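Counting in this note's numbering, the sequence shown runs from 148 upward without gaps. Each residue gets a CB set at the ideal place from its N, CA and C atoms; glycine is no exception. All values reported here derive from a predicted model rather than from experimental measurement.
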Amino acid sequence: MEIKSLAATLAVALLAGACTSTPRVVAPTSAAEVGEFRAGTGILKGYLSPAELPDSLALLPPPPSADSPVLAADTATFLNLTKLQDTPRGAMAVKDADLHFPEAASTFSCALGVQISEQATPNLNMLLRRTLTDTGLATYKAKDKYVRTRPFVMYQTATCTPKEEASLAKDGSYPSGHSAIGWGWALVLVELAPDRADAILQRGRAFSQSRAICGVHWQSDIEAGRLVGSAAVARLHGNAVFNAQMAAAKDEIVKARAAGTPQSAACAAEAATIAGSSSMAP
């Protein structure tokens with residue numbers, strides 16, 4: 148009996164030790180606690196260190212050459228999609244260009260069926276803010292190597308965000324950072340709400356195609372950006388804080404749905420706008 152009692156005591160002690168040796172990871176929801184990637188920008192630090200980011204230069208081929216069929220297709224798409232700038236789809240593209248929070252938080256609210264904000268869904272909001280940095284930064288090895296000229300610069304045309312043209316002209320076009328971000332967001336949200344996958348992925352695709360409508364990216368930039376965004380999300384799954392924030396965000400979505408989130412007229416209009424322009428996108 149004494150031996151059995153001793154064994155039971157040791158088992159309890161070992162179990163307690165195992166529990167205390169792996170403390171629960173808590174993901175911060177405060178911007179002040181996370182800190183800015185660059186002071187004064189409002190862009191927060193990502194989950195990944197620079198060394199942990201996927202290598203876009205290793206992942207991607209060089210951008211299309213001047214005489215390639217791919218560049219010919221890029222040009223045709225540019226001429227086709229920029230015609231949408233003065234339509235409701237063009238207005239959506241202007242909205243998609245703005246990566247500043249709190250405005251950007253609502254980008255996927257309709258597709259998700261949940262209002263995303265710092266107040267209503269703090270963990271979900273922080274997921275979007277921090278993955279923006281990881282997915283966007285992951286594009287820069289290739290951007291800085293190739294420094295591809297953007298279509299609006301090559302053709303001397305207007306964009307849907309004229310105030311950004313001077314800075315965009317100095318920034319490499321390949322791959323698209325916005326596309327990496329938007330597709331990365333879509334993949335994260337699909338994992339949190341797989342039943343909304345179709346709507347979320349359609350919105351993610353539309354978000355990246357907005358860059359072609361604005362005339363600031365070639366189609367091949369956009370497709371390369373989606374690949375880099377996918378690679379960044381895959382890397383993020385090895386990060387404990389990201390995984391903890393995902394779990395907390397999933398709980399927020401469940402609670403928000405239980406409380407009821409009726410679809411608005413604006414959401415119906417968004418869906419109609421995406422559907423109406425999808426036939427023009429490659």
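(request) With V335 as the anchor, note down where its alpha helix (DSSP H) starts and where it stops. (result) 324-339
(request) Indicate the three-state DSSP secondary structure (helix, strand or coil) for L315 in the structure shown. (result) helix
(message) If distances are taken between C-alpha atoms only, which option among A394, A403, Q266, A379 comes closest to A198?
(response) A379
(message) Here's the rule I'm using: 16 or more other beta-carbon atoms within 10 Å means buried, otherwise exposed. How should P309 be labelled?
(response) exposed
(message) Which of the three DSSP states is assigned to E265 in this structure?
(response) coil
(request) Rank V401, S367, A415 by C-alpha distance to the C-alpha of A219 and give the top, closest one. (result) S367
(request) Note down, in chain order, each residue of its chain lying with its Cβ closer than 8 Å to the Cβ of V337, except the 5 sequence neighbours on either side. (result) R343, A344, I347, L348
(message) Would G362 and P322 be called neighbours here (beta carbons separated by less than 9 Å)?
(response) no
(message) Let's test the definition: count the other Cβ atoms within 10 Å of the Cβ of E370 and tell me whether it reaches 16, buried, or not, exposed.
(response) buried
(request) Name the residue from A252, T286, A415 whose alpha carbon lies nearest to the alpha carbon of L274. (result) A252
(request) Could you check which residue in A395, L284, W365, G329 has the C-alpha nearest to that of L204? (result) L284
(message) Just verifying my parser: in three-state terms, what is the DSSP assignment at L383?
(response) helix
(message) Do D243 and R358 have their beta-carbon atoms positioned less than 9 Å apart in this structure?
(response) yes
(request) Just mark D221 as buried or exposed, buried being the case when its beta carbon has 16 or more other beta carbons within 10 Å. (result) buried
(request) Go through its chain and collect everything with a Cβ distance to A258's Cβ below 6 Å, but skip five positions before and after it. (result) A346, I347, R350
(message) Would I360 and Q232 be called neighbours here (beta carbons separated by less than 9 Å)?
(response) yes
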